[in-house]
Ligand code: ATP
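Numbering (our numbering), first residue to last: 1 to 244.
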């Protein structure tokens with residue numbers, strides 16, 4: 001059984017605008033999967049329908065089912081989905097700018113009461129992201145874009161997720177930092193066994209690390225397959241990998 005299964009999901013904004021038109025995808029246990037596509041294709045909308053973060057007064061899943069560990073989660077509120085093990089790092093590294101990295105990490109753990117355990121987890125995060133430790137006393141708003149992205153990922157990991165969803169982690173980062181972030185994503189997946197669903201416009205970087213990818217265009221999944229097969233696909237090469 002897949003860890004996450006999105007089945008024929010349709011999402012409508014403002015009761016009229018069909019942003020996702022019957023999309024299906026799966027993330028296996030401990031899998032590393034990418035959802036690729038251009039601006040406005042519907043990638044963020046799919047992630048929000050999984051985490052429950054569609055603004056209720058604007059967007060809604062109007063068809064289909066989403067199951068996590070075999071259970072339909074569409075009726076669950078976002079905090080309950082986090083407790084089940086689904087965490088969503090939003091696009092644009094939304095860290096608490098006036099708090100330090102450590103305070104940001106602690107802010108994610110209100111659902112735990114074991115202080116010693118929380119400190120141990122924060123320490124683990126600083127081992128995974130040594131750059132954050134060197135900036136431990138700076139307010140997060142003063143960290144570089146890459147450091148803020150690392151902090152956003154570390155904060156998400158503090159909830160001990162089974163599924164980490166990330167929206168455009170490479171956006172706006174210099175190439176070296178993109179490599180570093182993707183390296184960390186791979187380690188979280190391999191070493192911690194956390195499944196990852198990665199939304200990316202940077203298909204080159206994503207197809208290098210994931211096992212499987214889906215391509216979405218205008219709200220529809222138009223292609224899917226193992227990363228090494230998609231990398232060689234002429235249409236993908238032309239549209240997303242910058243060569244014909
Ligand atoms: P991007 O990389 O630009 O975020 P995306 O593939 O993630 O692109 P979505 O953000 O999911 O795409 O947007 C899909 C479609 O839904 C677009 O046509 C967008 O204009 C529309 N849309 C997204 N959010 C809303 C909203 N809150 N209200 C109305 N329409 C929206």
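C-beta atoms are modelled at their ideal positions from N, C-alpha and C, and glycine is treated no differently.
- A direct Cα-Cα distance of roughly 44 Å separates residue 12 from residue 134.
- Its chain contains 96 and 99 as the residues whose beta carbon lies nearer than 7 Å to that of residue 107, once the 5 sequence neighbours on both sides are disregarded; these appear in chain order.
- One thing to note: residue 146 has its Cβ within 8 Å of the Cβ of residue 173.
- With a cutoff of 7 Å, residue 45 counts as near ligand 1, since its C-beta is closer than that to a heavy atom of the ligand.
- Residue burial annotation: residue 142 is exposed, with fewer than 16 other C-beta atoms found within 10 angstroms of its C-beta.
- In this structure, the CA atom of residue 229 is about 24 Å from the CA atom of residue 22.
- 35 is the residue among 162, 35, 19 and 17 whose C-alpha sits nearest the C-alpha of residue 203.
- Distances from the alpha-carbon of residue 42 to those of 220, 232, 93 and 236 put 220 closest.
- Taking the Cα of residue 137 as reference, the smallest distance to any Cα among 70, 15 and 101 is reached at 101.
- Distances taken from the Cβ of residue 39 to the heavy atoms of ligand 1 include one shorter than 7 Å.
- Membership of residue 195 in the beta strand (DSSP E) is indicated by the continuous run 195-200.
- According to DSSP, residue 158 shares a beta bridge with no other residue.
- As computed with DSSP, residue 212 is found in a beta bridge with 33 and 226.
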